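Convert by adding 96 to the 1-based position in the sequence shown; the result is the number in this note's numbering.
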Amino acid sequence: MANLLVIGGTKGIGQALTQSLINQRHQVFFAARNKAELEGASFVELEVTQEINDQFNGLPDVLDGVVYCPGSINLKPFARLSSADFLKDLQINLLGAVNCLQALHSRLKKAEHASVVLFSSVAATRGMPFHASIASSKAAVEGLTKSLAAEWAPAIRVNCVAPSLTQTPLAEKLTNTAEKIENAAQKHPLNRIGQPEEIAALANFLLSPQSSWMTGQVLHVDGGMSAIS
Ligand SMILES: NC(=O)c1ccc[n+]([C@@H]2O[C@H](COP(=O)([O-])OP(=O)(O)OC[C@H]3O[C@@H](n4cnc5c(N)ncnc54)[C@H](OP(=O)(O)O)[C@@H]3O)[C@@H](O)[C@H]2O)c1
């Protein structure tokens, strides 16, 4: 049984992961801004873009794994993206993760083999129109992944999952009609969009000892989109 924290564990991919970790009988903590209840896990109220003071005080001294899920999808033509848009995306995708990982480092160091999982996006690898801001932020997350993996090895592994469009509350505007889902599906070699459980399964693997010789990786789970045209 491991002590695991899923930041952004109340919705979408994070919720699917939290539920799976509960089912595996780990000691699970899940954090978000809006309170939620899940039998078998303890809730931590947290706004990742604000300073972290005592929010993590209730966590155990030793953490075996942390997953950082909060992110954004802010698609606009480049001409309409303000620097405030870029900063907002950086705040939630990159700096929130930095905030949390700095606050949690001492707990991760105390574990025998800790694992951190971050989230990028297919848009950081494959150029797509209107993705300039989110692609820049996620590329920064991929840079953080590799740098931290180097700095924290061999004690703490750091890896990153890069999904394509997945049916979650975050992607609601892009998936709220059958027509939108079908159009998006056609853009993927596997002819459909992702489900949160499929992305959570990879994060689960990266947390587990089964991935114990992997660090600094960006793994794509995207219906083939990043590799096949
Ligand atoms: N879904 C996709 O199509 C897709 C595609 C590519 C990449 N991704 C990436 O995958 C990751 C997970 O995405 P998702 O679709 O599962 O997201 P989601 O449905 O929006 O869930 C995000 C979770 O993070 C929490 N959260 C959001 N902002 C927060 C904040 N400021 N402070 C604390 N908690 C916060 C949310 O709860 P509260 O709102 O209550 O705080 C929720 O639990 C993201 O990094 C996203 O960029 C997703």
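We treat Cβ as the ideally placed atom computed from N, Cα and C, and that holds for glycine.
In this text the structure is predicted, and so the values were computed from the model without any measurement.
Does the beta-carbon of residue 324 have 16 or more other beta-carbons within 10 angstroms, so that it is buried, or is it exposed? Residue numbering aside, residue 324 sits at position 228 when the sequence shown is read from its first letter. Residue 324 should be labelled exposed.
Please work out which residues of its chain come closer than 7 Å, Cβ to Cβ, to residue 207, disregarding the five sequence neighbours upstream and downstream, and give them in chain order. The residue you call residue 207 lines up with position 111 of the sequence shown. Correct list, in chain order: 158, 159, 160.
Alpha-carbon to alpha-carbon, residue 193 and residue 282: As a first step, residue 282 must be located in the sequence shown, where it is residue number 186. As a first step, residue 193 must be located in the sequence shown, where it is residue number 97. Distance between the alpha carbons of residue 282 and residue 193 is about 33 Å.
Verify the contact flag: residue 223, CB atom, against every heavy atom of ligand 1, threshold strictly below 7 Å. Start at 1 with the first residue of the sequence shown, and residue 223 comes out as number 127. Every heavy atom of ligand 1 is 7 Å or more from the Cβ of residue 223, so no.
With a threshold of 8 Å, are at least 3 pairs of Cβ atoms found where one atom belongs to the segment 134-142 and the other to the segment 169-185? no
Taking its Cβ as the centre, do 16 or more other Cβ atoms sit within 10 Å of residue 215, making it buried, or is it exposed? For the purposes of this step, residue 215 is taken as the residue at position 119 of the sequence shown. Buried is the call here.
Between the CA atoms of residue 301 and residue 307 - distance to the nearest angstrom: Within the sequence shown, numbered from 1, the residue matching residue 307 stands at position 211. Within the sequence shown, numbered from 1, the residue matching residue 301 stands at position 205. Cα-Cα distance, rounded: 6 Å.
Host alpha helix (DSSP H) of residue 292 (start-end): As a working mapping, residue 292 is identified with position 196 in the sequence shown. First-last of the alpha helix (DSSP H) with residue 292: 292-303.
Compute the Euclidean distance between the alpha carbons of residue 278 and residue 321, then round it to the nearest angstrom. The residue you call residue 278 lines up with position 182 of the sequence shown. The residue you call residue 321 lines up with position 225 of the sequence shown. The straight-line gap from Cα to Cα measures roughly 15 Å.
In three-state terms, what does DSSP make of residue 166? Position 70 of the sequence shown, counted from the start, is the residue given in the question as residue 166. Here residue 166 sits in coil by DSSP.
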